[in-house]
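In numbering that gives the first Met the number 0, the protein residues as written are 0 to 343.
Backbone N, C-alpha and C define an ideal beta-carbon position, used for all residues, glycine too.
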Amino acid sequence: MVDFGGWDMPVQYSSQIGEHHAVRRAAGVFDVSHMCVVDLKGAGVRALLQRLLANDVAKLKTPGKALYSCMLNERGGVLDDLIAYYLTDSWYRVVVNAGTRDKDLAWIRAHAAGSGVEVTERSDLAMLAVQGPEARAKAAQLLPSADAAAALALDSFVGRELGAWFVARTGYTGEDGFEIMMPAADAVPAWRRLNSLGVASCGLGARDTLRLEAGMNLYGNDMDEGTHPFESGLGWTVAMAPRERGFIGREALEAIVTGGSPRKLIGLLLEDRGVLRSHQKVQSTAGEGEITSGTFSPTLERSIAFARVPSATSGEVQVDVRGKLLAARVVRPPFVRAGKSLLT
């Protein structure tokens, strides 16, 4: 057990690699109750989120549909990354990170002041992520038959209230599955039932290797308040159109769009023997960079990483691993999707 954003969290239950493979090959369950669920309700909620988020919630037309976005400061730095669900015209739900919970709530409430939008932290809810090729079929067995059919019919990145549970077809592993928000008292029985169905208990270790293989950023490693989306591999989450939408950080990002970003986030595949880790230096003909996240990939049986480097970096680079320069190749994340290597 380790401290993670103020929560006691398991690194592993049995074998980190075994838990990783369980998710890639069958199904695993993660306790993600440390994530902060926030309900925003009121007539002005869409306008509030259009100002707070770099992505545009006006894209969400169907109830339950979600989008991924960064929340920025005035300099364009990433305050947090989050998922926002459109439930009704006056109700959105956002899920933010545990380590940024207090900062995010203060920021949202400060900007909601006077708007008539009610901001409610849902500390009554637990959240379980069931992930893997068998995950949805296994998790559906926890629901009454009508609700199970509705859950299995959900499109990707859509959530729906089913009884007291909110079931969303989202995740952080590159596999199919559900993230289920439920009353806290339901979590332990649900977990034990999933175990009885053959779903493996999984900890933080497997969650990190899975998300990095899937090319997904980790807040505090791959982006933070000192970095903007375009140097963090998150330019695709920024909606610069329509031009009249004045989201926080827009002015700073417009200068970057016009002039270009001097840095970018890349994927690396280690060609030599070793393990890539955060903060190792990356050397190339374009200049020096640094690894933001690195690990041994159980699926590829190779070491992989994200690195922030000069924008001209390409091809082969060298990484300083304990004083030795090891060869690595620039690749385009994700590294793995649906259990299969995407590297050529």
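Thinking just about the alpha-carbon of each residue, which of the options is nearest to the one in residue i?
{"i": "SER200", "options": "THR87, ARG100, GLY131, ARG331", "result": "GLY131"}
{"i": "ALA125", "options": "GLY115, ALA97, ASP103, HIS110", "result": "ALA97"}
{"i": "LEU71", "options": "GLY63, ASP80, GLY338", "result": "ASP80"}
{"i": "SER89", "options": "LEU78, ALA42, LEU51", "result": "ALA42"}
{"i": "MET181", "options": "ARG108, GLU243, LEU141", "result": "LEU141"}
{"i": "ALA163", "options": "ALA149, LEU151, ASP185", "result": "ASP185"}
{"i": "GLY293", "options": "VAL28, SER310, LEU269, ARG168", "result": "LEU269"}
{"i": "LEU151", "options": "ALA136, GLU160, GLN282, PHE165", "result": "ALA136"}
{"i": "PHE349", "options": "ASP271, GLU287, ASP123, GLY225", "result": "Only positions 0 to 343 of the chain appear in the structure, and residue 349 is not among them; the question remains open."}
{"i": "GLY5", "options": "PRO261, SER32, GLY75", "result": "SER32"}
In whole angstroms, what separates the C-alpha of residue i from that of residue j?
{"i": "PHE334", "j": "ILE265", "result": "11 Å"}
{"i": "SER114", "j": "MET222", "result": "30 Å"}
{"i": "ALA112", "j": "ARG92", "result": "18 Å"}
{"i": "LEU252", "j": "ALA148", "result": "43 Å"}
{"i": "THR257", "j": "GLY225", "result": "20 Å"}
{"i": "GLY139", "j": "ARG168", "result": "The sequence shown places Ala at residue 139, rather than the Gly named in the question. When rounded, the distance between both Cα atoms is 12 Å."}
Does the beta carbon of residue i fall short of 7 Å from some heavy atom of the ligand PLP?
{"i": "ARG328", "result": "Ligands are entirely absent from the displayed structure, and the ligand PLP is therefore not among its contents."}
In the DSSP assignment, find the alpha helix (DSSP H) that holds residue i and state where it starts and stops.
{"i": "PRO188", "result": "186-195"}
{"i": "THR284", "result": "Element bounds for THR284: n/a, residue is neither H nor E."}
{"i": "ALA326", "result": "ALA326 -> not in any alpha helix (DSSP H); beta strand (DSSP E) instead, spanning 323-330."}
{"i": "SER144", "result": "144-151"}
{"i": "GLU212", "result": "203-212"}
{"i": "ARG24", "result": "15-24"}
Suppose contacts are defined by Cβ-Cβ distances below 8 Å. Is residue i in contact with residue j by that definition?
{"i": "GLN317", "j": "ALA304", "result": "no"}
{"i": "CYS69", "j": "ALA53", "result": "yes"}
{"i": "LYS58", "j": "PHE156", "result": "no"}
{"i": "VAL274", "j": "SER302", "result": "yes"}
{"i": "THR129", "j": "VAL37", "result": "At residue 129 the sequence reads Val, which differs from the Thr that was named. Taking 8 Å as the Cβ cut-off, VAL129 and VAL37 do not qualify as a contacting pair."}
{"i": "LEU267", "j": "ALA306", "result": "yes"}
For the beta strand (DSSP E) that residue i lies in, which residues bound it at each end?
{"i": "LEU51", "result": "First-last for LEU51: 44-51, but that is the alpha helix (DSSP H), not the beta strand (DSSP E)."}
{"i": "GLU160", "result": "158-161"}
{"i": "ARG92", "result": "90-95"}
{"i": "VAL166", "result": "164-167"}
Grab me the residues of residue i's own chain with a C-beta within less than 8 Å of its C-beta, minus the 5 sequence neighbours each way, in chain order.
{"i": "GLY218", "result": "Note that residue 218 corresponds to Tyr in the displayed sequence, not to Gly. The answer, listed in chain order, is VAL77, ASP79, ASP80, ASN96, GLY98, THR99."}
Tell me which residues share the same chain as residue i and place their Cβ nearer than 6 Å to its Cβ, disregarding the 5 neighbours each side in the sequence.
{"i": "TYR12", "result": "SER200, GLY202"}
Keeping to the same chain, check which residues put their C-beta closer than 7 Å to that of residue i; ignore five residues upstream and five downstream.
{"i": "TYR85", "result": "VAL56, LEU59, PRO62, LYS64, TYR91"}
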